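Written out below as structure tokens is the structure these notes cover.
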DNA sequence: TTGTAAGCGTTATCAA
DNA sequence: TTGATAACGCTTACAA
């Protein structure tokens, strides 16, 4: 008895089933694959035989013929990050509902890794890719997908010059509102911290490497401008990748002649590092400094103090990404165009809690 | 020019490359697939041709022949849950390092969904499955995998009567220590809350449907016993699946004649719901009630008050799961057996913060 | 409706 | 070292 690599028994094939059922191979295949016409009589014969043999269709072989793998490739920065965790769940939910599975790849926001990831998924012949691009500058690999008509959907971020559908949340208004509140409280020097390790491209010129971060800053600037406050570009900082780095940045920022009186953290990971640093410094929120964050992981409500955040419908955005991908594939997606449908773009909103106060005097 | 379903251009195949390179198909295949022997001269010819045509190997076809998909199937409860997010990241890291990809499926701890997930992965012919079993009672589908020699690794939970390798963290000692501390502080009535929706099987008899939860309880009981405290089985509660449910359970618990003076939350999701409920009830931690939780998501340090938790090396456990799976496949895993190797089982440890205090009088 | 045979793009076999 | 040619397990013609 032949064995597969792992020592498993030879797989039961359509041929085996056909033989046992006493019908032709094609008939068995039709019955098992549920296509074409098969008389009810023979169908039962085949199904019974399949049952008895424990037949399991080989999707690989099926895919070779149909040209479709029923698989979506998803490339995110880091699945440990709650943003991507939630978005991915949204994707898998919608995908699974339509009979699609998901192959997941992390890039750690490294474009080189992303390029490799795209290659792998291409070779695995996923039907479509959903990627959260690490850079808006280096994207030949994505452009190539578009050029070759390979279904691609961007997640969380857009690339201006790349014509691919994107599932993005409109975050500018909420970012602006958050900043406006700070301004209303009397803040004039508001710092922005992101984990981005930019290629040195400052935010003033736009566009920034990651649109979702650019939008956060854009919202902030809009509020500043509306209040006739000259933005201090030096208060926008990147590289808050971990605790030490964030502490270093904050130390430098707070040591300035005119230190910021309020902080905006670009995401939930950054805000945690900020909380750690402020704690170390012995600074109280919001008495000594105000703090706003993006994303709502479910914990911000219980921190000391509860954090005011710009909350995004992340899960829904993941669903939207999957929907966009499946629609490109011509798959009829259940909930599409309906309630949670496209027409109205998803928007973020400000959740007011207790981390905002007037600037320390 | 023929088109694939999505309207993409016909794929470039080995045959195309061979023709352009002016060599036989087999030779081209050998050069491209990097197997067998090919003269350096022809190899270059082939590679150049491939480059010019933009050839991309079809892993599906490759898999059909080799019988290996270079893909791991991962079945978890919910990727949004930080535990599974971290574990999955550990898995993907190790897998990718060895050239393997990961197909991810969520079950929401529903066995029926899990059964279906296993079926799907079987048909996709993943080389191995890593599953976090939803139940230790219903596992015919897993038993079947074992019976047919299909590589299977359990994640986070074991099933006593199923002989499959498992990547689990030893959590009993830390759970016991946490409870012992509560006891030392004077607590006698300690409640345990889990999100499990048990099949009605109480914890007293053992084993419980999910071993990782059973171990938490087991550790707690051990401490109780060591202190000669008669455990009150009614203080162990399941079904804390969301905020309202958790609030309901707590309300009932706290309304007892002899209410618990300390709470142990089974995981990070439960503890958040507990925090919400206690906040609603106006109860202060630890003045009014003590609270311990399992898992450390990175937020417990910043809650009000900072939470004492039993922290687990989740990411490392995910890595271990992948390692076990790959080793079963005969893949040489880089970091195996070394520092992070098997010999010493991963263990949880207690992180002391400020949510424990003497019982309210 | 059924069966035969060809094809999907690789790898594996076996002479040459 | 090469190159035909046969698998791999399925779907898709094309006949019967």
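Protein chains in written order, with the working numbering: chain A, 1267 to 1627; chain B, 1267 to 1627.
Glycine included, every Cβ here is placed at the ideal spot set by N, Cα and C.
Note that the structure is a prediction, hence the values are computed from the model and not measured.
- Residue 1457/B is bridged by DSSP to 1529/B.
- As a beta-bridge residue in DSSP terms, residue 1396/A pairs with 1340/A and 1419/A.
- Listed in chain order, the non-local C-beta contacts of residue 1367/B below 6 angstroms within the same chain comprise 1337, local neighbours out to five positions each way being set aside.
- If you compare the alpha carbons of 1369/B, 1400/B, 1384/B and 1403/B with that of residue 1387/A, the shortest gap goes to 1369/B.
- Residue 1442/A and residue 1578/A have their alpha carbons spaced roughly 14 angstroms apart.
- Exclusion of the five residues before and after residue 1487/A leaves 1497 as the residues of its chain whose Cβ lies within less than 7 angstroms of its Cβ.
- Of all residues in the stretch 1308-1335 of chain B, only 1320, 1322, 1323, 1324, 1325, 1326, 1327, 1328, 1329, 1330, 1332, 1333, 1334 and 1335 place a beta-carbon less than 9 angstroms from a beta-carbon of chain A.
- Here residue 1344/A really is in contact with residue 1374/A; their C-beta atoms are around 6 angstroms apart, less than 8 angstroms.
- If you look at residue 1515/A, you'll find it in the alpha helix (DSSP H) that goes 1509-1520.
- Contact annotation for residue 1390/B against chain A: 1325, 1326, 1337 and 1367 [CB-CB distance below 8 angstroms, chain order].
- A distance of 7 angstroms or more separates the beta carbons of residue 1356/B and residue 1567/B.
- Straight-line spacing of the CA atoms in residue 1543/B and residue 1520/B works out to 11 angstroms.
- Secondary-structure assignment with DSSP links residue 1432/A through a beta bridge to 1420/A.
- Excluding the 5 residues flanking it on each side, residue 1539/A has same chain C-beta neighbours closer than 7 angstroms at 1506, 1508, 1509 and 1512, in chain order.
- For residue 1453/B, the number of other beta carbons within 10 angstroms of its own is at least 16, and it is reported as buried.
- At least one CB atom of chain B sits nearer than 7 angstroms to the CB of residue 1351/A.
- If you ignore the 5 residues before and after residue 1572/B, its C-beta comes within less than 6 angstroms of the C-beta of 1619 and 1620, all in its own chain and listed in chain order.
- With a threshold of 7 angstroms between beta carbons, residue 1296/B makes no contact with chain A.
- In terms of Cβ geometry, residue 1383/A and residue 1341/A form a close pair [threshold 7 angstroms].
- Interface residue (Cβ-Cβ distance to chain A less than 7 angstroms): residue 1452/B is not classified as such.
- With respect to chain B, the C-beta atom of residue 1568/A has a partner C-beta closer than 7 angstroms.
- Apart from the 5 residues on each side of it in sequence, residue 1376/B sits with its Cβ closer than 8 angstroms to the Cβ of 1400 in its chain, given in chain order.
- When beta bridges are read from the DSSP output, residue 1367/B appears opposite 1337/B.
- Partner residues in the beta bridge of residue 1556/A, as assigned by DSSP, are 1528/A.
- Using a Cβ-Cβ cut-off of 7 angstroms, residue 1345/B counts as an interface residue toward chain A, since at least one Cβ of chain A sits closer than that to its own.
- DSSP places residue 1484/B in the uninterrupted alpha helix (DSSP H) bounded by 1477-1492.
- For residue 1385/B, the three-state secondary structure derived from DSSP is helix.
- Spanning the alpha carbons of residue 1589/B and residue 1420/A requires a straight line of approximately 32 angstroms.
- Taken atom to atom, the span from the alpha-carbon of residue 1308/B to that of residue 1300/A is near 46 angstroms.
- Using a Cβ-Cβ cut-off of 8 angstroms, residue 1386/A is close to 1367 of chain B, given in chain order.
- Here residue 1617/A carries a strand assignment [DSSP, helix/strand/coil].
- Distance check between residue 1491/A and each of 1446/A, 1282/A, 1298/A and 1423/A places 1446/A closest, using alpha-carbon atoms only.
- Residue 1484/A is classed as buried because its beta carbon has at least 16 other beta carbons within 10 Å across all chains shown.
- Runs of the beta strand (DSSP E) lying entirely within the stretch 1559-1608 of chain B, each at least 3 residues long, are 1574-1577 in chain order.
- Assigned with DSSP and collapsed to three states, residue 1289/B falls in coil, not helix or strand.
- For a cut-off of 8 angstroms, the C-beta gap from residue 1440/B to residue 1614/B is around 4 angstroms, short enough to register as a contact.
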